[in-house]
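Under the working numbering, residue 415 is the last one in the sequence shown; the count climbs by one each step, no gaps. First up is the structure itself, then whatever we jot down about it.
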Amino acid sequence: MHWDTSTPAALESLRRHAPLVSCITNSVVTNVTANVLLALGAVPAMVDITGEAGPFAQIASALLINLGTPQPEQRAAAREAVAAANDARTPWVLDPVAIGTLAHRTALAHELVVQGPSAVRGNASEIIALVGAGSGGRGVEATDDVDAALAPACDLARRHGCVVAVSGPVDLVTDGERVVRVRGGSALLTRMTGGGCALGAVTAAFLGAGRKEGLDSLSAVVAAHAVYSAAAERAAARSAGPGSFQPAFLDALYALETKDLGSVIVRTTGATDEESA
Numbered sequence: 139m140h141w142d143t144s145t146p147a148a149l150e151s152l153r154r155h156a157p158l159v160s161c162i163t164n165s166v167v168t169n170v171t172a173n174v175l176l177a178l179g180a181v182p183a184m185v186d187i188t189g190e191a192g193p194f195a196q197i198a199s200a201l202l203i204n205l206g207t208p209q210p211e212q213r214a215a216a217r218e219a220v221a222a223a224n225d226a227r228t229p230w231v232l233d234p235v236a237i238g239t240l241a242h243r244t245a246l247a248h249e250l251v252v253q254g255p256s257a258v259r260g261n262a263s264e265i266i267a268l269v270g271a272g273s274g275g276r277g278v279e280a281t282d283d284v285d286a287a288l289a290p291a292c293d294l295a296r297r298h299g300c301v302v303a304v305s306g307p308v309d310l311v312t313d314g315e316r317v318v319r320v321r322g323g324s325a326l327l328t329r330m331t332g333g334g335c336a337l338g339a340v341t342a343a344f345l346g347a348g349r350k351e352g353l354d355s356l357s358a359v360v361a362a363h364a365v366y367s368a369a370a371e372r373a374a375a376r377s378a379g380p381g382s383f384q385p386a387f388l389d390a391l392y393a394l395e396t397k398d399l400g401s402v403i404v405r406t407t408g409a410t411d412e413e414s415a
């Protein structure tokens, strides 16, 4: 797969199809997540109550399950939506926010991951905790580096037949056999509320649009991270700090063209190859 050609095509596909993304996400980031999807060209919907989450997941282009603030009804809605998405073959993304030390979300993440997400996206500590090899990070902050999550991410991908994306200074994306690294981005994303959570929604959007074009899941997830990194890089160059970065990031997502993706370096290796990020 040539990532330099599939990623621009994926961005064009997303804007052409305007995928409807059902987001069951945390209360801290709903506004940021919705705005990021809108800026990019997707359509957000925050449908997170029982009785609605399932039926909506069946008509949506893609589904995001983010465990950032898992209130009881939202946990039930997540279960309902995942079951419906699987029935309808709707691609869905699991974002296991801050698992490892917090009991309810950790148990729910382990329950949901065996139900076949199209992709799992998290930081290194979250991915390591999801395979039971670590105790999690410091809240939403990772205490492990991306390379430490390589073997757990590949194991998770092979075990559940999904794509696993590990966010960090250099993002790592794997289907268990191939490993793709996406450079670029900006540390200012970590100073913006919802910087990582919104990426989960963008990943879902690319999966939903990609399905209409026959794009495989690994290519769609790589495209999501490449586009996100390119937009963050452009926004950081125009920002003085976090306060100006957020609106600049939305503008960059909106204005991003396929020719702008050349600044993001993407490398691919085999899962057993030794290569530093």
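The C-beta atom is built at its ideal place from N, Cα and C for all residues, glycine as well.
Do the stretch 215 to 231 and the stretch 185 to 205 touch if we need at least three Cβ pairs shorter than 8 Å? Because the criterion of three Cβ pairs below 8 Å is met, the stretch 215 to 231 and the stretch 185 to 205 touch.
Does DSSP put Thr341 in a helix, in a strand, or in coil? Along the sequence shown, read from residue 1 onward, the residue named residue 341 stands at position 203. Thr341 falls in the helix class under three-state DSSP.
Which listed residue (Ala390, Ala375, Val302) has its alpha carbon closest to that of Ala358: For the purposes of this step, residue 358 is taken as residue 220 along the sequence shown, with counting starting at 1. With distances taken between CA atoms, Ala358 lies nearest to Val302 out of Ala390, Ala375, Val302.
Assuming Arg134 and Arg319 are in contact, meaning their beta carbons sit under 8 Å apart, how far apart are those beta carbons, in whole angstroms? Residue 134 lies beyond the range of the chain shown here (139 to 415); nothing can be said about it.
Between the Cα of Asp186 and the Cα atoms of Val174, Val159, Ala177, which residue gives the shortest distance? Looking up residue 186 in the sequence shown gives position 48. For Asp186, the nearest C-alpha among the options comes from Val159.
Looking at the structure shown, is Lys397 part of a helix, part of a strand, or coil, going by DSSP? Against the sequence shown, residue 397 aligns to sequence position 259. Annotated three-state conformation of Lys397 is helix, per DSSP.
Buried or exposed by the 16-neighbour rule on C-beta atoms within 10 Å, applied to Ser151: The residue given as residue 151 occupies position 13 in the sequence shown. Ser151 comes out buried.
Stretch-stretch touch, CB-based, cutoff 8 Å, three pairs: the stretch 354 to 369 with the stretch 320 to 327: Output reads yes: the stretch 320 to 327 touches the stretch 354 to 369.
For the 8 Å Cβ check, are there 3 or more pairs between the stretch 239 to 255 and the stretch 326 to 345? These segments do not touch.
Please indicate yes or no: does the CB of Ala358 lie closer than 7 Å to some heavy atom of the ligand HEM? This structure lacks the ligand HEM; in fact it carries no ligand of any kind.
Could you tell me whether the Cβ atoms of Val267 and Ala286 are closer together than 8 Å? Mapped onto the sequence shown, residue 267 falls at position 129. Mapped onto the sequence shown, residue 286 falls at position 148. The sequence shown places Ala at residue 267, not Val. No.
Assuming Ala409 and Thr312 are in contact, meaning their beta carbons sit under 8 Å apart, how far apart are those beta carbons, in whole angstroms? In the sequence shown, the residue the question calls residue 409 occupies position 271. In the sequence shown, the residue the question calls residue 312 occupies position 174. Indeed they touch by this definition, with Cβ atoms about 6 Å apart.
Over the uninterrupted alpha helix (DSSP H) stretch that includes Asn169, give me the two end residues. The residue labelled residue 169 in the question sits at position 31 within the sequence shown. Here the alpha helix (DSSP H) through Asn169 covers 168 to 178.
Apart from the five residues on each side of it in sequence, which residues of its chain come closer than 7 Å, Cβ to Cβ, to Gln384? For the purposes of this step, residue 384 is taken as the residue at position 246 of the sequence shown. These residues qualify, in order along the chain: Met330.
Please go through the same chain and pick out, in chain order, the residues whose beta-carbon is closer than 7 Å to the beta-carbon of Met139, but skip the five residues on each side of it. As a first step, residue 139 is located in the sequence shown; it is residue number 1 there, counting from the start. Low local confidence applies: a pLDDT of 48 at Met139 is under 50, so the model's placement there is unreliable, and no value is given.
Please list, in chain order, all residues of the same chain as Glu413 whose beta carbon is under 7 Å from its beta carbon, the five residues on each side excluded. Taking the first residue of the sequence shown as position 1, residue 413 is located at position 275. At Glu413, the pLDDT of 47 sits below 50, so the modelled position is not reliable and the matter cannot be decided from this model.
Indicate the three-state DSSP secondary structure (helix, strand or coil) for Pro453 in the structure shown. Residue numbering for the chain in the displayed model covers 139 to 415; residue 453 lies beyond these limits and cannot be assessed.
Is the separation between the beta-carbon of Val235 and that of Gly206 shorter than 8 Å? For this step, residue 235 is matched to residue 97 along the sequence shown. For this step, residue 206 is matched to residue 68 along the sequence shown. Contact: yes.
Alpha-carbon spacing of Gln212 relative to Ile162, whole angstroms: In the sequence shown, residue 212 corresponds to position 74, counting from 1. In the sequence shown, residue 162 corresponds to position 24, counting from 1. Approximately 7 Å between the Cα atoms of the pair.
Rounded to a whole number of angstroms, what is the C-alpha to C-alpha distance between Asp293 and Pro380? For the purposes of this step, residue 293 is taken as residue 155 along the sequence shown, with counting starting at 1. For the purposes of this step, residue 380 is taken as residue 242 along the sequence shown, with counting starting at 1. The straight-line gap separating the alpha-carbon atoms of Asp293 and Pro380 is approximately 35 Å.
Could you tell me the alpha carbon to alpha carbon distance between Ala415 and Arg154, rounded to whole angstroms? For the purposes of this step, residue 415 is identified with residue 277 of the sequence shown, where counting begins at 1. For the purposes of this step, residue 154 is identified with residue 16 of the sequence shown, where counting begins at 1. Bear in mind that the predicted position of Ala415 carries a pLDDT of just 37, short of 50, making it too unreliable to give a figure here.
Taking 8 Å as the limit between beta carbons, can you name the residues of its chain near Ala183, skipping five residues before and five after? On the sequence shown, position 45 is the one that residue 183 refers to. The answer, listed in chain order, is Leu158, Val159, Ser160, Cys161, Phe194, Ala198.
By alpha-carbon positions, which one of Val258, Val181, Pro307, Thr171 ends up nearest to Ala291? Along the sequence shown, read from residue 1 onward, the residue named residue 291 stands at position 153. The shortest Cα separation from Ala291 among Val258, Val181, Pro307, Thr171 belongs to Val258.
Counting only runs of 4+ residues fully inside the stretch 224 to 252, write out the alpha helix (DSSP H) ranges in chain order. Along the length of the stretch 224 to 252, whole alpha helix (DSSP H) runs at least 4 residues long occupy 241 to 251, reported in chain order.
According to DSSP, is Ala303 part of a helix, a strand, or is it coil? Stepping through the sequence shown from its first residue, residue 303 is reached at position 165. The answer is strand: DSSP assigns Ala303 an E or B state.
So Leu391 and Val174 are in contact, right, with Cβ under 8 Å, and what is the actual spacing, rounded? The sequence position of residue 391 within the sequence shown is 253, counting from 1. The sequence position of residue 174 within the sequence shown is 36, counting from 1. Right, the Cβ-Cβ distance comes to about 6 Å (below 8 Å), so this counts as a contact.
When you compare only the Cα positions, how much space is there between Arg376 and Ala386? The residue given as residue 376 occupies position 238 in the sequence shown. The residue given as residue 386 occupies position 248 in the sequence shown. Between Arg376 and Ala386, the C-alpha separation is close to 7 Å.
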